[in-house]
Amino acid sequence: MLEIRNLHAGINGNKILKGVSLKVNAGEVHAIMGPNGSGKSTLAQVLAGRDTYKITVGEVLYQGRNLMEMPPEERAREGVFLAFQYPVEIPGVSNTYFLKAALNAIRKHKGLEELDAVEFLQLVRNRMKLVEMDETLLHRPVNEGFSGGEKKRNEIFHMAVLEPKLAILDETDSGLDIDALRIVADGVNKLCRKDNAIVVVTHYQRLLNYIVPDFVHVLIDGRIAKSGGKDLALDLEEKGYDWIKVEYEKTAELA
Amino acid sequence: MISTGEKTVWYQSQFEMIEKSLNGEASGNLHTLRKVAMDRFNELGFPTTRDEEWRFTNISPLTKISFESPLASRQDGMTWEDIERFAFGTENNLVFINGRFASGLSKSEGIPQGVIAGSLATALKLNPELVHRHLGRSAKFEDNAFVALNTAFIQDGAFISIPDEQSVNDPIYLLFITTAPGPTFVSPRNLILTGRKSRLSIVERYASLAEHQTLTNAVTEIVAGEGAQIEHDKLQDESLSAFHVASLFVTQQRSSTFTSNSVTLGGAIVRNNVSAVLDGEGCECTLNGLSVATGTQLIDNHTLIDHARPHCASHELYKAILDGKAKGVFNGKIFVRKDAQKTDAKQTNKTLLLADDATIDTKPQLEIFADDVKCTHGATVGQLDDEQVFYLRSRGIGEMMARDILTFAFAGDIVERVHVEGLKHQLESLVHRKLDEGRNH
Ligand SMILES: Nc1ncnc2c1ncn2[C@@H]1O[C@H](COP(=O)(O)OP(=O)(O)OP(=O)(O)O)[C@@H](O)[C@H]1O
Ligand SMILES: [Mg+2]
Chain G
3 MLEIRNLHAG INGNKILKGV SLKVNAGEVH AIMGPNGSGK STLAQVLAGR
53 DTYKITVGEV LYQGRNLMEM PPEERAREGV FLAFQYPVEI PGVSNTYFLK
103 AALNAIRKHK GLEELDAVEF LQLVRNRMKL VEMDETLLHR PVNEGFSGGE
153 KKRNEIFHMA VLEPKLAILD ETDSGLDIDA LRIVADGVNK LCRKDNAIVV
203 VTHYQRLLNY IVPDFVHVLI DGRIAKSGGK DLALDLEEKG YDWIKVEYEK
253 TAELA
Chain H
8 MISTGEKTVW YQSQFEMIEK SLNGEASGNL HTLRKVAMDR FNELGFPTTR
58 DEEWRFTNIS PLTKISFESP LASRQDGMTW EDIERFAFGT ENNLVFINGR
108 FASGLSKSEG IPQGVIAGSL ATALKLNPEL VHRHLGRSAK FEDNAFVALN
158 TAFIQDGAFI SIPDEQSVND PIYLLFITTA PGPTFVSPRN LILTGRKSRL
208 SIVERYASLA EHQTLTNAVT EIVAGEGAQI EHDKLQDESL SAFHVASLFV
258 TQQRSSTFTS NSVTLGGAIV RNNVSAVLDG EGCECTLNGL SVATGTQLID
308 NHTLIDHARP HCASHELYKA ILDGKAKGVF NGKIFVRKDA QKTDAKQTNK
358 TLLLADDATI DTKPQLEIFA DDVKCTHGAT VGQLDDEQVF YLRSRGIGEM
408 MARDILTFAF AGDIVERVHV EGLKHQLESL VHRKLDEGRN H
């Protein structure tokens, strides 16, 4: 579904991603972990089409197409979804209005009829239950004044309504309380199907107890320094990142 | 260069023509006022950019136009169908064509007994004492050429008077429409008197039936009685060839609440003056404004809030969306007098620039003579937020639409403050349409 080949990206001449390669197949769950500032969010934003980051080397294929040539809205319409680490506040635009515009743009792209107000509301009510979101958040301006946890829950609610093929969740667990974490993770699991894939960026192994990854990747200084199965997350929890850095540097020297 | 004197000659000659047509009436109180005002206008002349109050607004284009005589521009054969698109439903519409009250087009079914709502010309005949007690009381023209000019040409306008404790539930709409095919000069003069604990929502709308040059020079005086709750909304969507100067003067008595929402979409050069005097304790004054300008439009908003008494609050939010080569001006004066302790005044001016060539000149002017007060002001000028645009696009919304949504949200903040539903609905679509037009330029 997604193939990232030797991706280099940065901003103002400052290199952030220094050769990331990653392959994600339909039906898989991948976790990306790594120290602060290692480039996880940059990778996520680049995949969603944030053009402040310049891609210098490498390519990204999504469903066989060159993802980097598609504007952000086209990526979304083709099924790419990014749950932001810092969801953006949009004063003056209600959550429902925003979502309806987004959903209908996606449906139109797929050649489906736009939903009318009633159909949309039905869908939204149903999806709200999935993440147990409070109805008042629907009518408030997007993310404005939402608590940290409410913002994260809202991102997953958007995901539930838009039903992406490739969902990238950037630290959706940070800021969620213990119950909310379980609810949101359950919601994500219910959205998992054979034909879609999820990439979760997280600092905590706890989330991975709920959303069990098939692969865990460790991003250090703009490179994937190590990949493994779900047990790798347990090792990281216990030992931190230093040992991977040491190990990675050794292999780099050998090579 | 044309001297000030030459520019005012045409107005003087028009004044004399009107004077002749008045016959016997030329000796009354009103005409004395007109004459003093005309003399003052001749002395002042039109302001230039050397005048501090007009530094950023060059009105010389409008002083070069030869308008048709106000006597010539009449309202012949207009029907409701001609103006329906500017109306807000059929209740309580007072219609003015080229500055003159059109009784045949006006409706006042929703106006309660005891309330006077009609033309100023009629009120001058039926209630001359009441009118003269207030006319020109707050709209001083000594230092204001446009108010002097308006006063010199007082003919008609709206007169509304509400007795104590009377609520007018349905808003009263004042529709000022210019029709003449040639350049037209109109001077609507409105006087609104509201009694103790009365309630009123009033909407002034200025529109043109055709794309022609007009100079609308309007003055509205409002007296908000003790404890009265008044909302005054103004929508200016005249043609893009129109020149528009409007001055609103409000005097607030004790514990009154006054809100002004002023939306400007049309006009080549528009200048709105709003002056509120908080002349009793416990008043609340809210002034909101929205300008949406495209092409080469110039929209200038000047506000003055005079905190003359203690324990009053004022809130001010003016927003502008400027596209193309449009120019915006905002000048917000807040005056806190020595005795006006415990004043709470807040002023905010926000501008969204949609194009590189659009500009804004913004200036807060706080003059505070009391010591125990809270006064804040802030101005922001910026473009659409890239992060917000990206967030919307990353959910599938196209770039154009994302920009539209965010731009409208910026404007919606003011539109939502309008409590008159009929106006609010029209504003939503008018602002949308205006933004679309700007984009298609
Ligand atoms: N817009 C930007 N301008 C300047 N530097 C940036 C920008 N975006 C990212 N960076 C830098 O790139 C590096 C990687 O940032 P990124 O947000 O991708 O890290 P991260 O792995 O997501 O970290 P965290 O775990 O703290 O979220 C950081 O050093 C950051 O300061
Ligand atoms: Mg991050």
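If you read the sequences in order, they're chains G and H. Start counting the first sequence at 3; every next residue gets the next number (our numbering). Start counting the second sequence at 8; every next residue gets the next number (our numbering). Beta carbons: idealized from backbone N, C-alpha and C, even for Gly.
DSSP, read as helix, strand or coil, puts G:Q87 in coil.
In terms of CA proximity to H:A146, H:A253 leads the group H:V193, H:A253, H:F74 and H:K441. Taking a contact as a CB-CB distance under 8 Å, the pair G:L45 and G:L19 counts as one, their CB atoms being some 6 Å apart.
Taking 8 Å as the upper bound on Cβ-Cβ separation, chain H lies near no residue of the stretch 10-35 of chain G. Taking 6 Å as the cut-off, the C-beta of G:K42 counts as close to a heavy atom of ligand 2. Counting other Cβ atoms within 10 Å of its Cβ, H:W61 reaches 16 or more and is therefore classed as buried.
Taking a beta-carbon distance threshold of 7 Å, G:A227 does not count as an interface residue toward chain H.
Taking 7 Å as the CB threshold, G:L84 lines the interface with chain H. The Cβ of H:I179 sits no closer than 7 Å to any Cβ of chain G. Distance from the C-beta of G:G177 to the nearest heavy atom of ligand 1 is not below 6 Å. Here G:T44 carries a helix assignment [DSSP, helix/strand/coil].
Under the 8 Å Cβ criterion, the stretch 64-76 of chain G counts as touching the stretch 397-410 of chain H, having at least three qualifying pairs. Ranked by how close their Cα comes to the Cα of H:A416, the residues H:G202, H:V336 and H:L297 have H:L297 in first place. Sequence-distant Cβ neighbours of G:E30 in its own chain, meaning closer than 6 Å and more than five residues away, are A199 and D216. For H:T383, the number of other beta carbons within 10 angstroms of its own is below 16, and it is reported as exposed. Against chain H, the CB of G:G177 has no partner CB under 7 Å away; the residue lies outside that interface. One thing to note: H:I306 has its Cβ within 7 Å of the Cβ of H:G335.
At least one heavy atom of ligand 1 falls within 6 Å of the beta-carbon of G:G39.
Nearest C-alpha to G:V82 among G:Y88, G:M70 and G:P93: G:M70. In its chain, beyond the 5 residues on either side, S145, V230, V284 and D286 have a beta carbon closer than 6 Å to the beta carbon of H:T258. Per DSSP, the beta bridge partners of H:L329 are H:A300 and H:L360. The alpha carbon of H:T264 has as its nearest neighbour, out of H:E136, H:H432 and H:E233, the alpha carbon of H:E233. Excluding five sequence positions before and after G:K167, the CB atoms of its chain that fall closer than 6 Å to its own CB belong to G81 and N198, given in chain order. Contiguous beta strand (DSSP E) elements confined to the stretch 82-129 of chain G occur at 82-85 and 92-96, taking only those with 3 or more residues.
Residue environment for G:N128: exposed (fewer than 16 other C-beta atoms within 10 angstroms of its C-beta). Set against 6 Å, the gap from the CB of H:Q236 to the closest heavy atom of ligand 2 is not smaller. Judged by their CB atoms, H:D330 and H:A365 are nearer to each other than the 7 Å cut-off.
In chain order, R47 place their CB closer than 7 Å to the CB of H:E149, counting only its own chain and leaving out the 5 sequence neighbours on each side.
A distance below 7 Å between beta-carbons, with the five flanking residues on each side excluded, links G:N106 to the following residues of its chain, in chain order: E116 and L117. The beta-carbon distance between G:A85 and G:A169, rounded to whole angstroms, is 7 Å. This is short enough to meet the 8 Å contact definition. Contact of H:Q348 with chain G is not assigned, every C-beta pair being separated by 7 Å or more.
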